[in-house]
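Colleague: Starting off with a structure, shown below.
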Amino acid sequence: MTDLSLSIEKLKNVGQRNAPRLNRLGIKTLKDLLWHLPSKYEDYSETIPISDVSPGQKVNVQGEVVKITTKKIFPRRLFITDAIVKDMSGAVKAVWFNQPFIENQLPEGAFVSLAGKVKTGKNGVYLASPTYEKISSFQPTTLKHTHGLVPVYPETEGVTSKYLRFLIKPILSDLQLNDPTPESILKKHGFPTLSDAITTVHFPLSENEAKTARERLAFDDLMLFQIKALLERRKLNQLKSVPITFNEPLVKDFISALPFELTGDQKIAVWEILKDLGKKYPMNRLMEGDVGSGKTVVALIAGLEVAASGHQSVFLAPTEVLAYQHFKTISSLLNNSPVKVGLLTGSTAQINGEAISKKGLKERILNNEVGIVIGTHAVIQKDVEFKSLAFLIIDEQHRFGVSQRAHLIKNRGLVPHLLSMTATPIPRTLALTIYGDLDISIIREKPKNRQKIVTKIIGQNQRKSAYQFMREEVKKGKQIFVVCPRIEVSDPKSEIRTSGRQSKMNILWADVKAVEEEYKKLSQEIFPDLKIAMLHGKLKPKEKNRIMQEFKDSWHDILVSTSVIEVGVDVPNATIMAIESADRFGLAQLHQFRGRVGRDQHQSYCLLFSSSSDKTTSQRLKALTECDDGFELAEKDMAIRGPGEFMGTKQSGLPDLAMASLTNVELIKKARLEARLLLKEDPSLNKYPLLRERLAEFQKMTHFE
Numbered sequence: 001m002t003d004l005s006l007s008i009e010k011l012k013n014v015g016q017r018n019a020p021r022l023n024r025l026g027i028k029t030l031k032d033l034l035w036h037l038p039s040k041y042e043d044y045s046e047t048i049p050i051s052d053v054s055p056g057q058k059v060n061v062q063g064e065v066v067k068i069t070t071k072k073i074f075p076r077r078l079f080i081t082d083a084i085v086k087d088m089s090g091a092v093k094a095v096w097f098n099q100p101f102i103e104n105q106l107p108e109g110a111f112v113s114l115a116g117k118v119k120t121g122k123n124g125v126y127l128a129s130p131t132y133e134k135i136s137s138f139q140p141t142t143l144k145h146t147h148g149l150v151p152v153y154p155e156t157e158g159v160t161s162k163y164l165r166f167l168i169k170p171i172l173s174d175l176q177l178n179d180p181t182p183e184s185i186l187k188k189h190g191f192p193t194l195s196d197a198i199t200t201v202h203f204p205l206s207e208n209e210a211k212t213a214r215e216r217l218a219f220d221d222l223m224l225f226q227i228k229a230l231l232e233r234r235k236l237n238q239l240k241s242v243p244i245t246f247n248e249p250l251v252k253d254f255i256s257a258l259p260f261e262l263t264g265d266q267k268i269a270v271w272e273i274l275k276d277l278g279k280k281y282p283m284n285r286l287m288e289g290d291v292g293s294g295k296t297v298v299a300l301i302a303g304l305e306v307a308a309s310g311h312q313s314v315f316l317a318p319t320e321v322l323a324y325q326h327f328k329t330i331s332s333l334l335n336n337s338p339v340k341v342g343l344l345t346g347s348t349a350q351i352n353g354e355a356i357s358k359k360g361l362k363e364r365i366l367n368n369e370v371g372i373v374i375g376t377h378a379v380i381q382k383d384v385e386f387k388s389l390a391f392l393i394i395d396e397q398h399r400f401g402v403s404q405r406a407h408l409i410k411n412r413g414l415v416p417h418l419l420s421m422t423a424t425p426i427p428r429t430l431a432l433t434i435y436g437d438l439d440i441s442i443i444r445e446k447p448k449n450r451q452k453i454v455t456k457i458i459g460q461n462q463r464k465s466a467y468q469f470m471r472e473e474v475k476k477g478k479q480i481f482v483v484c485p486r487i488e489v490s491d492p493k494s495e496i497r498t499s500g501r502q503s504k505m506n507i508l509w510a511d512v513k514a515v516e517e518e519y520k521k522l523s524q525e526i527f528p529d530l531k532i533a534m535l536h537g538k539l540k541p542k543e544k545n546r547i548m549q550e551f552k553d554s555w556h557d558i559l560v561s562t563s564v565i566e567v568g569v570d571v572p573n574a575t576i577m578a579i580e581s582a583d584r585f586g587l588a589q590l591h592q593f594r595g596r597v598g599r600d601q602h603q604s605y606c607l608l609f610s611s612s613s614d615k616t617t618s619q620r621l622k623a624l625t626e627c628d629d630g631f632e633l634a635e636k637d638m639a640i641r642g643p644g645e646f647m648g649t650k651q652s653g654l655p656d657l658a659m660a661s662l663t664n665v666e667l668i669k670k671a672r673l674e675a676r677l678l679l680k681e682d683p684s685l686n687k688y689p690l691l692r693e694r695l696a697e698f699q700k701m702t703h704f705e
């Protein structure tokens, strides 16, 4: 069997010089190399006569080198190698830059196979820097760079696709891999063996062969992910939780006293959550709700029932601004209730709107005198203890890690029920895969009396009239958000090379710079007579809260901000969301920004400032002007950008190949079915030791966040 754990530097033609370069691509072992899959293939399946080449084509030609010369251009220190290659039909020139060694490798009289792009210049048609291989005759048999479907890989400085092909091809000739996927499953779905799939995915004979091989490899990861999710669910169902008895009169009275009517989706979500709270094992539910769909009140109804049962709930928010907003909303809705609501963040502590020392609040939490605690990471510090924590609500759940959640439930006999909430609509197939261990509630309906937000793309020549429109809205007493994207760093490579902390600092400063420049432009040049404030990540939490509260209280006409306002901020009087360089954001994020306006009965607008002429960008922005359903937009965003870009692999925890397959609903269904059948037949996977071993590796690699 091939030893996949073999260190990469022990491979022939790697050594200590090339190993660090391969490491930059995440290639440290033989397995990493074999699973470094092509990003695309260049199709050189057909070798054409030289007389048929024409500008713009990518071609494979074969012939004899009849002339080759290299000259040096001194002022520019540039070497140019020209070769004339001839076959039975004619001759063509090939040109290479700064590769003088080619003259020695392809002497006159040598037969060569060339693959590359045909261009035209002052002296006619030529092949520009083609890939080359020497051949013994016009009938080559072992070409790996210039004939057939030629794999093109993700590269880095010093590691080209040609070098990767050079390393990988010899290994494939004698590849023998242990296959963790049971043979019965492979036969059932017509999948190749693991050895065949790896060999084929690197050097396929056809696009169809490559697709089947990729599907087989993606299936492995998707099935393991589903097995892991099912095992997590099983483990969860064996834990004990506080069953909260359904209090019908309390719930009905609270809902009837609300200043608005719940939508049908909200009512269904409430019922699903209350039903789960009644179970003896912990609820593990994800509530997806479009921007402004009313997730907070749904979670509050459940929190109220928990508090009435004598237990406690925690409402975790990702930012102080959002925690404070939730605190104000929940406090006002529980105004006539005996339930005490606490706020605990890094900078403040309150109970029912009154300031209290942090120590005092923590004591009252420990004594079960606070029924609902709202806060940020401050709530999950070691010195915060609950007497009877039964319910945990996490807003924008992917922003809190598994370890942080674990802190709230460790050393307790009973595990709290968990409700995760997100305002980022996720296509259902994606949600079922990424959050396979969660039950899902979806709120699609918008509250009644909400007007559709008018969304327009603003080109460079329309800026003046857009600014005039913004001024008119301010004259009517309305307010405006202006969001600006990060300024591009001058050297993206340097940002990649820096450590995690340093890279975050670079990004933060890029955000600050972008906001400061936009603030300066608007306050000095465009609207010098208006009151403008700015908000960015370098401000202290207290300062952010102050600025947001002032904006909410209409002290400022315009707020210039980074994407910090994306999550949850509610300013009913804001009617315009202006997004600078909208093309730099994803559809889902743009939809989030848009949801910050239109929170009241006033007509609201979203202005997408863009100077891009890119076709895909136009397609994305146009989709936003035509559709206001977050779930529909999420599907479109995933179709346009691909699931990897849509979710971000770090966020999903899925390996790249599985991530790329998340639009393949049939493959996901197959993976889920086989995972269920395997665990039903053999709950501990004792009959499949290779699969168990692979699952253990997989569980170390992935996470549910």
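If you count the sequence shown from 1, position 364 lands on 364 in UniProt numbering, and the numbers rise without skipping.
Just so you know, even glycine gets a beta-carbon here, dropped at the ideal spot from N, CA and C.
As the structure is a prediction and not an experimental result, all values here were calculated from the model.
#1: Kindly confirm or deny that the region 353-364 and the region 273-292 touch, where touching means at least three C-beta pairs closer than 8 Å.
#2: Our contact map puts V85 next to E64 with C-beta atoms below 8 Å; I'd like the distance itself, whole angstroms only.
#3: Counting only runs that start and end within the region 465-489, where is the alpha helix (DSSP H) found for 4 or more residues in a row?
#4: I'd like to know if V152 contacts chain B, where contact means its C-beta is closer than 9 Å to some C-beta of that chain.
#5: Rank G56, S129 and P38 by C-alpha distance to the C-alpha of A83 and give the top, closest one.
#6: Pick out the complete beta strand (DSSP E) segments inside the region 133-189, 3 residues or longer, and give them in chain order.
#7: Sorted by chain position, which residues of the same chain lie with C-beta nearer than 7 Å to A94's C-beta, five sequence neighbours on each side aside?
#8: So, helix, strand or coil for W271, using DSSP?
#9: Assign F704 to one of two classes, buried (16 or more other C-beta atoms within 10 Å of its C-beta) or exposed (fewer than that).
#10: Find out if the Cβ-Cβ distance for the pair I365, F386 is shorter than 9 Å.
#11: Can P38 and Y153 be called in contact, C-beta distance under 9 Å?
#12: Please identify the residue among A19, G537 and N23 whose C-alpha is closest to the C-alpha of V512.
#13: Below 8 Å CB to CB, which residues in the same chain sit around K31 once its five sequence neighbours on both sides are set aside?
#14: Which ranges does the alpha helix (DSSP H) cover as unbroken runs of at least 4 residues, wholly within the region 352-384, from first to last along the chain?
#15: Along the chain, where does the beta strand (DSSP E) containing R285 start, and where does it finish?
#16: Please classify E215: is it buried, with 16 or more other beta-carbons within 10 angstroms of its beta-carbon, or exposed?
#17: Which residues mark the beginning and the end of the alpha helix (DSSP H) in which M1 is found?
#18: Just verifying my parser: in three-state terms, what is the DSSP assignment at T348?
#19: Three-state secondary structure (DSSP) at H417?
#20: I need the straight-line Cα distance from F111 to Q99, nearest angstrom please.
#21: Go to E64, then tell me how far its beta strand (DSSP E) extends in each direction, as first and last residue.
#22: Quick one: any contact between the region 221-236 and the region 668-686, if contact means 3 or more CB pairs under 8 Å?
#23: Tell me, please, which residues DSSP counts as bridged to Q619.
#24: Buried or exposed for F315, going by 16 or more other Cβ atoms inside 10 Å?
#25: Do you know whose CA, among T319, V370, H326 and A91, lies nearest G346's CA?
#26: Span of the beta strand (DSSP E) holding D570?
#27: If you follow the beta strand (DSSP E) that M577 is part of, which residue opens it and which one closes it?
#28: Would you kindly work out how many angstroms separate the C-alpha atoms of I507 and K544, rounded to a whole number?
#29: Measure the beta-carbon distance from L414 to N284 and round it to whole angstroms, keeping in mind my assumption that it falls under 8 Å.
#30: Taking only the alpha-carbon atoms, compute the straight-line gap between E272 and E516 and give it to the nearest angstrom.
Modeller: In short:
#1: Touching, no, given that fewer than three Cβ pairs across the two stretches are closer than 8 Å.
#2: In this structure V85 is in contact with E64, their Cβ atoms being roughly 7 Å apart against a cut-off of 8 Å.
#3: Listed in chain order, nothing qualifies, since the region 465-489 has no complete alpha helix (DSSP H) run of 4 or more residues.
#4: Among the chains of the structure shown, chain B does not appear; only one protein chain is present.
#5: When each option's Cα is compared against that of A83, the closest is S129.
#6: The region 133-189 contains these whole beta strand (DSSP E) runs: 148-152.
#7: Hits under 7 Å: A83, V85, L114, Y126, L127 and P130.
#8: Assigned with DSSP and collapsed to three states, W271 falls in helix.
#9: Note that F704 scores a pLDDT of 40, beneath 50, so its modelled location is shaky; the value from the coordinates is reported in the next line. Burial state of F704 is buried, judged by a 10 Å Cβ sphere holding 16 or more other Cβ atoms.
#10: Yes.
#11: The answer is yes: Cβ separation under 9 Å.
#12: Taking each of A19, G537 and N23 in turn and checking the Cα distance to V512, the smallest one comes out for G537.
#13: L4 and S5, listed in sequence order.
#14: Counting only unbroken stretches of 4 or more residues, the alpha helix (DSSP H) elements lying wholly within the region 352-384 are 358-366, in sequence order.
#15: Where R285 is concerned, the enclosing beta strand (DSSP E) stretches over N284 to G289.
#16: By the neighbour-count rule (16 or more Cβ atoms within 10 Å), E215 is buried.
#17: Here M1 belongs to no alpha helix (DSSP H), and DSSP marks it neither H nor E.
#18: Looking at T348 - three-state DSSP - the assignment turns out to be coil, as it is neither helix nor strand.
#19: H417 falls in the strand class under three-state DSSP.
#20: C-alpha of F111 to C-alpha of Q99: approximately 19 Å in a straight line.
#21: Run containing E64: K58 to I73, per the beta strand (DSSP E) assignment.
#22: With the cut-off at 8 Å, the region 221-236 and the region 668-686 touch.
#23: Bridge partners of Q619: none, in fact.
#24: Classification of F315: buried, given that the 10 Å Cβ count is 16 or more.
#25: When T319, V370, H326 and A91 are compared, the shortest CA-CA separation from G346 is found for T319.
#26: Boundaries for D570: no beta strand (DSSP E) harbours it, and the DSSP string shows neither H nor E there.
#27: First-last of the beta strand (DSSP E) with M577: A574 to I579.
#28: Note that I507 scores 48 on pLDDT, short of 50, meaning its location in the model is unreliable; the coordinates nonetheless yield the value given after this. Spanning the two alpha carbons is a distance of roughly 19 Å.
#29: Actually they are not in contact, since the Cβ atoms of L414 and N284 sit about 15 Å apart, beyond 8 Å.
#30: Rounded to whole angstroms, E272 to E516 spans 46 Å at the Cα level.
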